[in-house]
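Undergrad:
Number of protein chains: 2
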Amino acid sequence: MAQYSDLSKEELISLKSELEKKYEEIKSLGLKLDMSRGKPNKAQLDLSNEVLDVFNSKSDVKSVDGTDTRNYGLLLGIDEARQLFAELMDVPMKNTVIFGTASLTIMYDYIAQCMMFGCGDEPWVKQGKIKFLCPAPGYDRHFSILEHFGIEMITVKMLDDGPDMDTIEELVKDSSVKGAFCVPKYSNPDGITFSDEVVRRFAALKPAAKDFRVIWDNAYIVHDINDTPDELLNIFDVAKEYGSEDMFIEVCSTSKISFAGAGVSALAASDKNVKDILARLTIQVISHDKMNQLRHARYFKNLDGIKAHMKKHAEILKPKFDAVTEGFSREFDGTGIAHWKKPNGGYFVSLYVMNGCAKRVGELCKDAGLTLTTVGATYPYGIDPDDSNIRIAPSFPDVDELEKAVELLAVCVKLAAVEKLLNN
Amino acid sequence: MAQYSDLSKEELISLKSELEKKYEEIKSLGLKLDMSRGKPNKAQLDLSNEVLDVFNSKSDVKSVDGTDTRNYGLLLGIDEARQLFAELMDVPMKNTVIFGTASLTIMYDYIAQCMMFGCGDEPWVKQGKIKFLCPAPGYDRHFSILEHFGIEMITVKMLDDGPDMDTIEELVKDSSVKGAFCVPKYSNPDGITFSDEVVRRFAALKPAAKDFRVIWDNAYIVHDINDTPDELLNIFDVAKEYGSEDMFIEVCSTSKISFAGAGVSALAASDKNVKDILARLTIQVISHDKMNQLRHARYFKNLDGIKAHMKKHAEILKPKFDAVTEGFSREFDGTGIAHWKKPNGGYFVSLYVMNGCAKRVGELCKDAGLTLTTVGATYPYGIDPDDSNIRIAPSFPDVDELEKAVELLAVCVKLAAVEKLLNN
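So the protein sequences, as listed, match chains A and B. The first sequence maps to residues 7 to 430 in my numbering. The second sequence maps to residues 7 to 430 in my numbering.
1. With the cut-off set at 8 angstroms, would you say A/A411 and A/C363 are in Cβ contact?
2. So B/F200 packs on B/D167, CB below 8 angstroms; how close in whole Å?
3. Judging by CA-CA distance, which residue of B/G124, B/K33, B/Y305, B/D146 is the nearest neighbour of B/C188?
4. Does the beta-carbon of B/Y387 have 16 or more other beta-carbons within 10 angstroms, so that it is buried, or is it exposed?
5. Over what stretch of residues does the alpha helix (DSSP H) that includes B/V424 continue unbroken?
6. Between A/K191 and B/R76, what straight-line distance do the alpha-carbon atoms span, to the nearest angstrom?
7. So what does DSSP say about A/E321, is it helix, strand or coil?
8. Please name the residues in the region 109–123 of chain A whose beta-carbon is closer than 7 angstroms to at least one beta-carbon of chain B, in chain order.
9. Under 8 angstroms, Cβ to Cβ, is there at least one residue of chain A near B/Y78?
10. Please name the residue or residues paired with B/P349 in a DSSP beta bridge.
11. Looking at the C-beta of A/E56, does it have a partner C-beta in chain B at a distance below 8 angstroms?
12. Using the beta-carbon of each residue, which ones in chain B are nearer than 8 angstroms to A/I157?
13. Whose C-alpha, out of A/L177, A/P349, A/K246, is nearest the C-alpha of A/D233?
14. Following the continuous beta strand (DSSP E) through A/L184, name the residue where it begins and the one where it ends.
15. Alpha carbon to alpha carbon, what distance is there between B/D328 and B/R336?
16. Of all the CB atoms in chain B, is at least one closer than 8 angstroms to the CB of A/H319?
17. Determine, using beta carbons only, whether B/L53 and B/H319 come nearer to each other than 8 angstroms.
18. In whole angstroms, give me the CA-to-CA distance for B/W130 and B/L139.
19. Taking all protein chains shown into account, do 16 or more other C-beta atoms lie within 10 angstroms of the C-beta of A/G134, making it buried, or fewer, making it exposed?
20. Can you check DSSP and say which residues form a bridge with A/V355?
21. By how many angstroms is the C-alpha of A/T288 removed from the C-alpha of A/P195?
22. Can you pull the chain A residues whose beta carbon is under 8 angstroms from the beta carbon of B/G106, in chain order?
23. Select from A/L378, A/N395, A/D12, A/H229 the residue whose C-alpha is nearest the C-alpha of A/I322.
24. Have a look at B/K372, B/Y114, B/D127 and flag the residue whose alpha-carbon is nearest the alpha-carbon of B/F149.
25. Express the C-alpha separation of A/D180 and A/M253 in angstroms, rounding to a whole number.
26. For the region 247–274 of chain A, which residues have a beta carbon sitting closer than 9 angstroms to at least one beta carbon of chain B?
27. Assign A/K296 to one of three DSSP states: helix, strand, or coil.
28. Can you give me the Cβ contacts of B/P169 inside the same chain, cut-off strictly under 6 angstroms, excluding the 5 residues immediately before and after it?
29. Mark A/P391 as exposed unless 16 or more other C-beta atoms lie within 10 angstroms of its C-beta, in which case mark it buried.
30. Of the choices B/I174, B/V97, B/R397, whose alpha-carbon is the least far from that of B/A2?
31. Please report the Cβ distance between A/L292 and B/L110, rounded to the nearest whole angstrom; I am assuming they are in contact, meaning their Cβ atoms lie under 8 angstroms.
32. When the Cα atoms are used, what is the spatial distance from A/V381 to B/V103?
33. With a CB to CB cut of under 6 angstroms and the five nearest residues on each side skipped, what residues in its chain are close to B/D223?
34. Could you give the C-beta distance for B/V244 and B/V205, rounded to a whole number, given that I count them as a contact under 8 angstroms?
35. Can you give me the start and stop residues for the beta strand (DSSP E) that A/I255 sits inside?
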């Protein structure tokens, strides 16, 4: 296929009319396609149905220490759930805390706690304008939390092996910079796993702010989709070398292991941070849902149990990811108008279209019945400086829907590119 | 039995030595009794075991609107759970929001939201010293939330039909007074239900602060223990007459209906407040545990289902409450050293011992193996101005344990009274 930038004006005009025709054809089909949300599909949810059979009205529902999980108690979680998450995050059990269904809530609450009560210095709310580093493209809900609390977001470019650490090392010299949000493995949306060097440079940071916190959102910690999974260094192992354990708050959940709507979430943190979090939790809740913890701990048993289960997820997800990335290759190879990465795990494919075209692509797709993640949402304040990134979530639709969606998306990406080139 | 205040010094000395002997005898038994925690007993938890059979791996787990409860979505809760709580709190479904396991968390989060973002005026955190009204004795965890956020607590006396409204009407003229915490039905610990007049005077309040909020913690909304239950006016019905609906945030949960450690909690509020809460929730969580909502909604079906279930709880609880109140009558009638109310529901019996004696009673009990709720905890800052109130939680121990506990407690109350009278 020809590089679009090499095409003459006449060729572009002809291509445009061809694409418009194709676009109108597809539009007339009245499709209703959705690649916007990173949510598991029915087959994935079915994989965990037996979690619901772990116990019933006749069963013993005591946790290993003898606590009746139906009653109050065990603020930090039942031992078997703490042990399971300790294995998953590869930290000691004493450094884990089990929460409710959503790691998003853990992150929200942690930021809220820092705002109201601080973490080693004055409450953030009393320190005037404070800032957070936001590797981008990134997870829109991280940015929403920061915006909600009025924390200024500084966009940091994502490179091929993680955030631009040169920039981060420079920015943390400003004591009003209080932290960063990261998805270190299979990042949302790029699917990038931080290299050992990036993890080390995070651990080695010497921020001017003594209350600097990195929210290490390990959402896709065991979410490989093929046989060449990425490996992420354990941040707490490395942080120990630098004495910077207090700087990291790691979270994860079973939302995309068991049930997105009824899973279990957990946090890993240093002794000091667990102590501070516990002081808040004591006021905030009597105990989280221990029966759901017990269901999960008894079903998955240990890390091997989780890993075996995740292989079944991978079998379902791989054809979907392939449909998207192979479709992209078929449509865009040689055109020079789009690039993307083929991730080894996670929930997204991150498509970069020609600069200045992403919003237009979003409009065209919407008008033809394809819902995409709001263009720009992957950047702080919803502003993609290049207007280029489009987050594709292949997990929910069927493969044939994905193929249709990719075909339509490709027409829109090409049409937007041609329009752009003709207007330049 | 003789009024202790009528006894001569000699009679008191003789009584003291008799009581000390009895105390040492009981102490030597090495008892381990606990009347400290308002937690359900095993038989109560067993009542709800069939909640666990509502569905299993083979079941349809779609909510009435077709949503797969295993997946993300429905931030406000599934319709059937909202409908159930709407019936329970007697409010329209649109005014309900379903949360996680604990209403305590709803209250904490609501206060946190007011602190950070305000509710109709500047954020509370930016308004300098703010204050809350605390009818007392009351629920220690309400006071802990206020203390945690640095909100000054003003103790308001509980009268026989609810808080002293004359005092409250006076105090709300101060614009730094931002709200009140209440347990309007079967109050913790007195078991008092607010009279119609008290509810009306709450609804009619005209606080100087335009961001005044009453947290209406309806924890014992259907928790009758006998056939002469109290009736509480519906606060939102009355508030409508005064246009003060925005002033009230009502919460309740199934913690003491189904499982204390794995129930469902809910909030009722005005349209405006639901909108404000939703704006925060959108940032804080993707959705609460919809499968647990579905379990509860399908099991209890409707308010009649809940009421029938609560009759079974009452059958278990009534003999326990009787053991305590009948024991108190047997031990204290005619002595003039203690008084209490026989509640028609809730989780506590509130014992008032001779002024200046409660702490001493707590010590004596502890040394002899009986754990009570920390004396003073029922008041703001843990300070009972009269040092008189002792909260008794009869739900967890067996009847024979309760009888032993009451016997020991009575010896301690009498001994403390005699010591006090001899020292005067």
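The C-beta atom is built at its ideal place from N, Cα and C for all residues, glycine as well. These numbers come from a predicted model, not from an experiment.
TA: According to the data block:
1. For the purposes of this step, residue 411 of chain A is taken as residue 405 along the first sequence, with counting starting at 1. For the purposes of this step, residue 363 of chain A is taken as residue 357 along the first sequence, with counting starting at 1. Cβ distance not < 8 angstroms, so A/A411 and A/C363 don't count as in contact.
2. Along the second sequence, one-based indexing puts residue 200 of chain B at 194. Along the second sequence, one-based indexing puts residue 167 of chain B at 161. The Cβ separation is near 7 angstroms, so the contact holds.
3. Position 182 of the second sequence, counting from 1, holds the residue named residue 188 of chain B. Comparing Cα positions, the closest option is B/D146.
4. Position 381 of the second sequence, counted from the first residue, corresponds to residue 387 of chain B. By the neighbour-count rule (16 or more Cβ atoms within 10 Å), B/Y387 is not buried but exposed.
5. Within the second sequence, residue 424 of chain B is the residue found at index 418, counting from 1. Annotation for B/V424: the continuous alpha helix (DSSP H) segment containing it runs 405–429.
6. By one-based count along the first sequence, residue 191 of chain A stands at place 185. By one-based count along the second sequence, residue 76 of chain B stands at place 70. Taking the straight line from one Cα to the other gives about 25 angstroms.
7. The count along the first sequence starts at 1 and reaches residue 321 of chain A at position 315. Taken through DSSP and simplified to helix, strand or coil, A/E321 comes out as helix.
8. The residues in question are L110, T111, Y114, A118, M121, M122.
9. Along the second sequence, read from residue 1 onward, the residue named residue 78 of chain B stands at position 72. With 8 angstroms as the cut-off, B/Y78 counts as an interface residue toward chain A.
10. Here residue 349 of chain B refers to the residue found at position 343 when the second sequence is read from its first residue. Its beta-bridge partners do not exist; DSSP assigns none.
11. Translated into positions along the first sequence, residue 56 of chain A becomes position 50. Interface criterion met: the Cβ of A/E56 is under 8 angstroms from a Cβ in chain B.
12. Taking the first sequence and counting its residues from 1, one reaches residue 157 of chain A at position 151. Counting only Cβ-Cβ distances below 8 angstroms, A/I157 has no contacts in chain B at all, with the closest Cβ about 12 angstroms away.
13. In the first sequence, residue 233 of chain A corresponds to position 227, counting from 1. Out of A/L177, A/P349, A/K246, A/P349 has the C-alpha closest to the C-alpha of A/D233.
14. The residue given as residue 184 of chain A occupies position 178 in the first sequence. In the sequence on display, residue 184 of chain A carries Lys and not Leu. Run containing A/K184: 183–188, per the beta strand (DSSP E) assignment.
15. Taking the first residue of the second sequence as position 1, residue 336 of chain B is located at position 330. Taking the first residue of the second sequence as position 1, residue 328 of chain B is located at position 322. Distance between the alpha carbons of B/R336 and B/D328 is about 12 angstroms.
16. By one-based count along the first sequence, residue 319 of chain A stands at place 313. Output row for A/H319: interface = no.
17. The sequence position of residue 53 of chain B within the second sequence is 47, counting from 1. The sequence position of residue 319 of chain B within the second sequence is 313, counting from 1. Yes; because the gap between Cβ atoms is below 8 angstroms, this pair is in contact.
18. Here residue 130 of chain B corresponds to residue number 124 of the second sequence, with the count starting at 1. Here residue 139 of chain B corresponds to residue number 133 of the second sequence, with the count starting at 1. Looking at the backbone, the Cα of B/W130 and that of B/L139 are separated by about 15 angstroms.
19. Working through the first sequence from its first residue, we reach residue 134 of chain A at position 128. With fewer than 16 other Cβ atoms inside 10 Å of its own Cβ, A/G134 counts as exposed.
20. Reading the first sequence from its first residue, position 349 is the one you call residue 355 of chain A. By DSSP's assignment, A/V355 forms a beta bridge with A/I398.
21. Taking the first sequence and counting its residues from 1, one reaches residue 195 of chain A at position 189. Taking the first sequence and counting its residues from 1, one reaches residue 288 of chain A at position 282. Looking at the two C-alpha atoms, the distance is approximately 35 angstroms.
22. Position 100 of the second sequence holds residue 106 of chain B. Residues of chain A with a Cβ closer than 8 angstroms to the Cβ of B/G106 are, in chain order, G106, T107, H294, D295.
23. Here residue 322 of chain A refers to the residue found at position 316 of the first sequence. With distances taken between Cα atoms, A/I322 lies closest to A/H229.
24. Within the second sequence, residue 149 of chain B is the residue found at index 143, counting from 1. Residue B/Y114 is the option with its Cα nearest to B/F149.
25. The residue you call residue 253 of chain A lines up with position 247 of the first sequence. The residue you call residue 180 of chain A lines up with position 174 of the first sequence. Roughly 16 angstroms between the two C-alpha positions.
26. Within the region 247–274 of chain A, the residues whose Cβ lies closer than 9 angstroms to some Cβ of chain B are S261, S264, F265, A266, G267, A268, G269, listed in chain order.
27. Taking the first residue of the first sequence as position 1, residue 296 of chain A is located at position 290. The answer is helix: DSSP assigns A/K296 an H, G or I state.
28. Along the second sequence, one-based indexing puts residue 169 of chain B at 163. Within the same chain, B/P169 has close Cβ partners P141, V162.
29. Mapped onto the first sequence, residue 391 of chain A falls at position 385. Answer is exposed; the Cβ neighbour count stays below 16.
30. Examination of residue 2 of chain B is not possible in this model, given that chain B is present from 7 through 430 alone.
31. Taking the first sequence and counting its residues from 1, one reaches residue 292 of chain A at position 286. Taking the second sequence and counting its residues from 1, one reaches residue 110 of chain B at position 104. Contrary to the premise, residue 292 of chain A reads as Ile rather than Leu in this sequence. Going by Cβ atoms, the distance from A/I292 to B/L110 rounds to 6 angstroms, so yes, they are a contact pair.
32. Locating residue 381 of chain A in the first sequence gives position 375, counting from the first residue. Locating residue 103 of chain B in the second sequence gives position 97, counting from the first residue. For A/V381 and B/V103, the distance between alpha carbons rounds to 30 angstroms.
33. The residue you call residue 223 of chain B lines up with position 217 of the second sequence. By the criterion of a C-beta distance shorter than 6 angstroms, B/D223 is surrounded in its chain by V189, V257, once the five residues flanking it on both sides are discounted.
34. Position 238 of the second sequence, counting from 1, holds the residue named residue 244 of chain B. Position 199 of the second sequence, counting from 1, holds the residue named residue 205 of chain B. Here B/V244 really is in contact with B/V205; their C-beta atoms are around 6 angstroms apart, less than 8 angstroms.
35. To locate residue 255 of chain A, count along the first sequence from 1; it is residue 249. Its beta strand (DSSP E) spans residues 254–259.
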